[in-house]
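The structure appears right after this line, and notes come after that.
There are 2 protein chains.
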Amino acid sequence: MASVTAPDLVSGVLAGDVGATARMITLVERRSPELEQHLQPLYRAARSAHVIGVTGPAGSGKSTLVSALAMEYRRQDLTVGILAVDPSSVFTGGAILGDRIRMGGLSGDPGIFIRSMATRGAMGGLARAALDAVTVLQAAGKDVVIVETVGVGQAEVDIVGLAQTIAVVSVPGLGDSVQALKAGLLEIADVHIVNKSDRDGASRTAAELREMLRLSKRQVGQWNVPVQLASSAKEEGLAEVLDAFARHREWMQRSGELERRLRRNASARIRWAATDLVERRLDDRQPMFARAVDAVLEHTSDPLTEARRLVDALI
Amino acid sequence: MASVTAPDLVSGVLAGDVGATARMITLVERRSPELEQHLQPLYRAARSAHVIGVTGPAGSGKSTLVSALAMEYRRQDLTVGILAVDPSSVFTGGAILGDRIRMGGLSGDPGIFIRSMATRGAMGGLARAALDAVTVLQAAGKDVVIVETVGVGQAEVDIVGLAQTIAVVSVPGLGDSVQALKAGLLEIADVHIVNKSDRDGASRTAAELREMLRLSKRQVGQWNVPVQLASSAKEEGLAEVLDAFARHREWMQRSGELERRLRRNASARIRWAATDLVERRLDDRQPMFARAVDAVLEHTSDPLTEARRLVDALI
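Chains as they are written, first to last, in numbering that gives the first Met the number 0: chain A, 0 to 314; chain B, 0 to 314.
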């Protein structure tokens, strides 16, 4: 991996090389300036993978479930990329996956790429990085990309919202269905998964979710949000979950919803790239920016006036 | 409130009028286009309040503690603004405070302004809105502004990070101190509060925190992060907490840390205002933007190239 040079990096990713893909995602995480030249060819070459977002409350067994679903995809001979995104891991960086790769039986299979991502710096950065990492995995030829988030805050909703199919994981007991509702997850789910279906109360949780879905009257077009029971431990319901994902994607293609979501994504990415560009240009000329900060601190001006002045002068 | 017109709104806020202040914060939340003209005079007139961020895990009793601290400030004859920010409340909006205002004995006192804010739309929007709302409360003449967040994700860390003094609340038991550490809260705290100090294990939790602080060796300059026991229910330790806040601010002023934090804030606000401006200008000319989205979707171009083209053409 250390010997991979810049042009080789892009061709390495395009050839599906694991080392090149990993290194590219590191560049994506770091938002390094050289990123742009690599992402441009990758974006244009990116194949159309099925991008699936998986979220749900802590303790719902998302990670194990995602590993089990990935193995099920492998049984169907599809290649899988997994991005485990942890917006709450601000300072520690993302090293949560070592054990999981060993435990999940996912190591050594070149058809699976698994990676954890943590945030660095400003809010919003992680969503951009996650989306770029999805592009890298698409360019690396993965058929399916699963973006998994830990926890249920705004950041998670934003990140998972970038997916084509959004799966929300609940578990029986502890009022999880209510918890999901509270965090707004009921509204964004395309597929509900009740995990640990071997536990007591699983079918009651599923029934509650179905009732809540009925009451919320959320039926985007003709898509009827399914509630699927699954158990990673017993390997039950996994093929049915993948089937629900596939049916959702078919419906999206038929209904025009896929086009709508892809447009929304492309629009967000152009906008993000534009604001990144502007922020970089504002960084470039320090003296003028420092004078603007002085004026704001002295209250002789305000951030809006200074921003306007800087944008007009520098961009 | 309905009769307040635009110029009156600004003078109403500056006079400390509750209705005008509330309406102004609503404009801030909505990111309405007319916001700018109001914020400019408010920013220039804003007094230098002590801005305190309070965060901590769910169940730590933050809200009740903040109410109790606000009442303690009132006993010291200082005016207080409270912003309760809930990044997880994406869809429901923020109506969590009705009961609290009634319960907390805070209603009817013009020296306290309390408001909940929820996010609308994109990640990052809430941090900007929270910072603008702080400006509104400063302009309204509050001596102290407390920004309280619910939960401990990246969004919360970002929002609380905008404060001058950051307080992290723990409670005895349930491994809360470890939980705080995990979320990176140990690193950002200027003051630790162990709430519900009447519970068993409060002093052990405080001792654990002190030990962790010792191990982490975080001593920015000469500031020794205090760990303060408090009980909202028994009204114990509240004056001591306020004293810790005041000592932190004095230290910041002496050490130059306040200047550093205010510069960082001003810089972030100018940058945000600049990217807002750019995003608005990109919105303005739809046909060109739509063609860019088409090119990205057809993979004949990529978001970075299109962003560059749009910025150069439109800004």
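Ideal placement from N, C-alpha and C gives every residue a C-beta, glycine not left out. Quick caveat: nothing in here was measured; it's all calculated off a predicted structure.
Taking C-beta atoms as the reference points, Met-116 of chain B and Leu-82 of chain B count as a pair closer than 7 angstroms.
When the five nearest sequence neighbours on each side are left out, the beta carbons in the same chain lying within less than 8 angstroms of the beta carbon of Leu-34 of chain B are those of Leu-26, Val-27, Asp-131, in order along the chain. When CB distances to chain A are screened at a threshold of 8 angstroms, the residues of the segment 285-308 of chain B falling below it are Phe-288, Ala-291, Val-292, Val-295, Leu-296, His-298, Thr-299, Ser-300, Asp-301, Pro-302, Leu-303, Thr-304, Glu-305, Ala-306, Arg-307, in chain order.
Your pair Leu-303 of chain B and Ala-272 of chain A checks out as a contact, with CB atoms roughly 5 angstroms apart and the cut at 8 angstroms. Around the beta carbon of Glu-210 of chain A, fewer than 16 other beta carbons lie within 10 angstroms, which makes this residue exposed. Per DSSP, Ile-314 of chain B lies in no alpha helix (DSSP H) and is assigned neither H nor E.
When the Cα atoms are used, Gln-221 of chain A and Ala-206 of chain A turn out to be separated by approximately 21 angstroms. Out of B:Arg-308, B:Thr-274, B:Val-277, the CA that lies nearest to the CA of Arg-290 of chain B is found in B:Arg-308.
Against Gln-39 of chain B, the close residues of chain A are Asp-301, Leu-303, Thr-304, in the order they occur along the chain (beta-carbon pairs closer than 8 angstroms).
Membership of Ser-66 of chain B in the alpha helix (DSSP H) is indicated by the continuous run 61-74. For Val-310 of chain A, the residues of chain B that pass the 8 angstroms Cβ criterion are Ala-273, Leu-276, Val-277, Ile-314, in the order they occur in the chain. Residue pairing by DSSP places Val-144 of chain B opposite B:Val-50, B:Gly-80 in a beta bridge. By the Cβ-count criterion, Lys-61 of chain B is buried, with 16 or more other Cβ atoms from all chains shown falling within 10 Å of its own Cβ.
Listed in chain order, the beta strand (DSSP E) runs fully inside the segment 202-279 of chain A are 226-228, counting runs of at least 3 residues.
Contact between the segment 224-241 of chain A and the segment 259-266 of chain A is absent: fewer than three C-beta pairs spanning the two stretches fall below 8 angstroms.
The secondary-structure analysis by DSSP pairs Arg-114 of chain B across a beta bridge with B:Leu-82. Against chain A, the beta carbon of Arg-270 of chain B has neighbours under 7 angstroms at Glu-278, Leu-281, listed in chain order.
Interface with chain A (7 angstroms Cβ-Cβ cutoff): Leu-261 of chain B is included.
Taking 7 angstroms as the CB threshold, Glu-249 of chain B stays off the interface with chain A. Looking at the DSSP output, Thr-164 of chain A sits in a beta bridge with A:Ile-51. Of the residues assessed, His-247 of chain A falls on the buried side of the cut-off, its CB having 16 or more other CB atoms within 10 angstroms. Taken atom to atom, the span from the alpha-carbon of His-49 of chain B to that of Asn-223 of chain A is near 51 angstroms. Rounded to the nearest whole angstrom, the CA to CA distance from Gly-255 of chain A to Pro-171 of chain B is 53 angstroms. Looking at the DSSP output, His-191 of chain A sits in a beta bridge with A:Val-167, A:Val-226.
Contact note: Ser-266 of chain B reaches chain A through Phe-288, Val-292, using a C-beta cutoff of 8 angstroms and chain order. Bounds of any alpha helix (DSSP H) do not take in His-298 of chain B, whose DSSP letter is neither H nor E. Remark: C-beta atoms of Ile-269 of chain B and Ala-306 of chain A approach each other more closely than 7 angstroms. When secondary structure is reduced to three states using DSSP, Ala-139 of chain A falls in the coil class, being assigned neither helix nor strand. Arg-43 of chain B belongs to the set of residues whose beta carbon lies under 7 angstroms from a beta carbon in chain A. Identification of chain B residues near Glu-35 of chain A by a Cβ-Cβ cut-off of 8 angstroms yields Leu-303, ordered along the chain. With contacts defined as CB atoms closer than 7 angstroms, Val-292 of chain A and Ala-265 of chain B qualify as a contacting pair. About 16 angstroms separates the CB atoms of Leu-8 of chain A and Arg-30 of chain A; that is not less than 8 angstroms, and the two are not in contact.
Less than 7 angstroms separates the beta-carbon of Ser-231 of chain B from that of Ala-67 of chain B.
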